[in-house]
Amino acid sequence: MCGIIGYIGPRDPLPILIDGLKKLEYRGYDSAGLCVKNGGALHVVKKRGAISDLESELRGRDMPGHVGIAHTRWATHGEPNETNAHPHLNGDGAIAVVHNGIIENYYALREWLTREGCVFRSQTDSEVLPHLIGHFYEGDLERALLHALQFVEGAFGVVAVHKDENRIVAARRGSPLILGVGEDEMFAASDVPAVLDNTRKVVYLHDNEVAVITAGRYAITNLEGAPIDKQIHEIQWTVDQIEKKGFKHFMLKEIAEQPESLRNTLRGRIKAGRIKLNLDVDPLAIERVIITACGTSWHAGLIGKQFIESLTRIPVEVDYASEFRYRDPIVRPTDLVVAISQSGETADTLASVREAQSKNAKVIGVVNVVGSTISREVASGIYLHCGPEIGVASTKAFTSQVAAMLLLALFLRQERGLALDAGLLESLAALPALAEDYLGEARDAFEIAERFQFAHNFLYLGRGLNYPVALEGALKLKEISYIHAEGYPAAEMKHGPIALIDHDMPVIFIATRSQIFDKIVSNMQEVKARKGRVITVLDEDEPNVTALSDYVIHVPRVREELSPIVNALPLQQFAYAIADLKGLNPDKPRNLAKSVTVE
Ligand code: F6R
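Per our numbering, residue 1 is the first one in the sequence shown, and the count goes up by one each step.
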């Protein structure tokens, strides 16, 4: 999704802006641009494509100054091209604006501003902002922005400069924005990594807050102009943590990091046979749990449902956040709503949090990014602590989400006065070490990928806790290798997808030991009988299963509750390996964004 970086201070802004944009690349974008203020003039350069294309465009240009703003755009209104890229200028070129989010009433504003004499150059919703600010400008950019925002409906993280003012003005509603506090210099950005090379001190802006930054100073107000005191946060993670550390891709690095990320998710939460979570909920009062999430996080939610239902007998519903938010769901004060989101910024998940809160349910977050909007809007939750996830395809966040949902289920069980299975806690605590041993050795998925890199379709089948793992395996493959893949509950296959099975349709079975192991073996026979090629994820040598399998991906034997985490690992490797063999960049799949901050 779009990224923003702004700088004001004694240094040359250009390299700072470019570096900041590069740190935001992982959010996904299709064009980039920047504006440097030099004396009383604004110089804007924009380019479709990668930041390296923008850099080439800038080569040889002299753009001195001390104030600059920059943006990576992921198209929502208007195709990705130079004109639609940000920054956008008002009519006389005095005001430059970068914007994340969507201005919902842009059409009406555009009509009105056009009648007022403004000439629009782009097809974007964002361009109404510089024109609107320009319309109200009377020598004070902050006042003009406050005035303009009174007319704006929708979401924005907006950063603006004026050619005659030595300051940057920023505001947020619905799209993340932070300030970076340096020595005699200040930054505004959509995300912490953009400033981390320069400062570890950040201020998180909340919705409906406006910041004015000058070199070394900042002031924050609400939309009425009343001052707000904000705390400075010291960022604990390092820039090194968001670099590739010698791995070919972030995704590969993040797959390898899972022992560590799981360790961090579990750290301090299993103690003396008890689960320690700091949740603002009354476990005895919960009559129903509703899990809301998108994509991979939704898959973790499906597994979480099975954990909670089997360990607590509390009924659980799992909803796509995008559906939940619009269908006027029945939500009661006795419901616990669990929003799962790696980024903590997914627009639909955030909206579902607000929907549930408006209906007086207790809402908790299962979130990775500390300080993200969802984490701030919920009263309490479980941080994943799995570090920044840069690869667009979620890997380590998924396994940590599953671990966190198991912790949640165990916690609810314990707090409702039911005994915990000490063996399960022990196995859970030992899981990071087991994952470490496994990932150190595991080559099966890479080798099998070489044989299947030219396949056009895949079917992933699993049952019970591993049905969502089949969905996740299929999602991973399709999003980074562009091969069509479907995940299905294995027994559902014969109600339709079985018609697709032939020699050209490889079928991946997740067939690790479970209460319904024998059933899945029957499903394998059904595929084999139709000449399907079978790849099996298997946790011990079962001669009858091996005989039915063309290829086997071996995984270690673990308790069934932990099998979704272990089984996800080779499926991530398999998807990665196929994308890499096809010469694709798995870190930046086409059309996808890491942080989906628009609906
Ligand atoms: C797939 C993937 C997406 C995200 C989804 C939700 O690999 O990463 O499906 O899971 O966009 O994102 P978060 O978890 O940030 O809310």
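Glycine residues also receive a C-beta, built at the ideal position from the N, C-alpha and C atoms.
Paired residues, beta bridge with residue i - DSSP
i: Leu459; result: Glu486, Val507
i: Val600; result: The question about residue 600 has no answer, for the chain in this structure spans 1 to 599.
i: Arg73; result: Ser31
i: His162; result: Ile95
i: Leu89; result: Ala96
i: Tyr383; result: Val367
i: Ile220; result: Ala211
i: His147; result: Answer is none; His147 lacks a bridge partner.
i: Ser341; result: Val367
i: Gly268; result: Partner(s): none; Gly268 has no beta bridge.
i: Glu234; result: Lys201
i: Ile498; result: DSSP lists no partner for Ile498.
i: Thr600; result: There is no way to answer for residue 600, as the model of the chain reaches only from 1 to 599.
i: Tyr551; result: Ile535
i: Gly180; result: Phe187, Val202
i: Ile103; result: Gly154
Residue i, buried or exposed, once every other Cβ within 10 Å from all chains shown has been counted against 16
i: Val67; result: buried
i: Val119; result: exposed
i: Gly39; result: exposed
i: Asp539; result: buried
i: Leu431; result: buried
i: Ala490; result: buried
i: Phe325; result: For the record, residue 325 in the displayed sequence is Arg; it is not Phe. With 16 or more Cβ atoms within 10 Å of its Cβ, Arg325 is classed as buried.
i: Ser322; result: buried
i: Arg443; result: exposed
i: Ala70; result: buried
i: Gln414; result: buried
i: Asn278; result: exposed
i: Ser56; result: exposed
i: Leu107; result: Residue identity check: residue 107 is Tyr in the sequence provided, not Leu. Its Cβ having fewer than 16 others within 10 Å, Tyr107 is exposed.
i: Leu89; result: buried
i: Leu471; result: buried
i: Gln150; result: exposed
i: His484; result: exposed
i: Asp335; result: buried
i: Asp191; result: buried
i: Ser343; result: buried
i: Gln401; result: buried
i: Thr238; result: exposed
i: Glu183; result: exposed
Identity of the residue in the options nearest residue i by Cα
i: Ala293; options: Ala285, Pro283, Ile286, Lys305; result: Lys305
i: Pro227; options: Glu142, Ala155, Thr334; result: Glu142
i: Val367; options: Lys396, Ala361, Lys359, Asn360; result: Lys396
i: Leu407; options: Val469, Gly273, Asp12, Val152; result: Gly273
i: Phe103; options: Ile270, Asp125, Ala393; result: Note that residue 103 is Ile in the sequence shown here, rather than Phe. Nearest of Ile270, Asp125, Ala393 to Ile103, Cα basis: Asp125.
i: Leu223; options: Ala379, Leu145, Val36, Ser343; result: Leu145
i: Glu447; options: Val552, Arg48, Ala499; result: Val552
i: Asp62; options: Val44, Arg73, Ala50, His495; result: Val44
i: Lys201; options: Met186, Ala215, Ala75; result: Met186
i: Ile308; options: Asp319, Ile291, Gly344; result: Ile291
i: Lys358; options: Glu377, Gly344, Val370; result: It is Ser, not Lys, that sits at residue 358 in the sequence shown. Cα-wise, what sits closest to Ser358 is Glu377.
i: Arg354; options: Gln573, Gly174, Ile565, Glu561; result: Gly174
i: Ala155; options: Ala347, Asp335, Gly65, Phe247; result: Ala347
i: Tyr218; options: Val158, Val152, Ile8, Ala50; result: Ile8
i: Val604; options: Pro589, Pro543, Ala511; result: The displayed coordinates of the chain run from 1 to 599. Any statement about residue 604 would go beyond what the structure contains.
i: Pro388; options: Ser261, Asp140, Glu479; result: Ser261
i: Asn105; options: Val195, Glu127, Ile520, Val98; result: Glu127
Cβ of residue i within 8 Å of any chain B Cβ
i: Val555; result: As a matter of chain content, chain B is missing from the structure shown, which is built from one protein chain.
Residues near residue i by beta carbon distance below 7 Å, same chain, minus five either side
i: Pro506; result: Phe452, Ala455, Phe458, Arg533, Ile535
i: Leu252; result: Tyr576
i: Val527; result: Ile501, Val507, Val534
i: Gln572; result: Ile255, Thr395, Lys476
i: Lys244; result: Phe250, Lys253
i: Leu21; result: Gly3, Ile5, Ala32, Ile51, Ala70, Thr72
6 Å Cβ shell around residue i - same chain, five flanking residues per side excluded
i: Glu257; result: Lys396
i: Asn360; result: Pro333
i: Leu113; result: His131
i: Ala351; result: Arg325
i: Leu302; result: Val318, Pro468
i: Val316; result: Val289, Lys305, Ile308, Glu309
i: Glu560; result: Ser514
i: Ala75; result: Asp30
Chain-order list of residues whose beta-carbon lies under 8 Å from that of residue i (same chain, five-residue window excluded)
i: Arg73; result: Cys2, Tyr29, Asp30, Ser31, Ala32, Gly33, Pro80, Asn84, Ala85, His86
i: His249; result: Gly391, Tyr576, Asp580, Asn585, Pro586, Asp587
i: Pro556; result: Leu434, Asp437, Tyr438, Asp539, Val566
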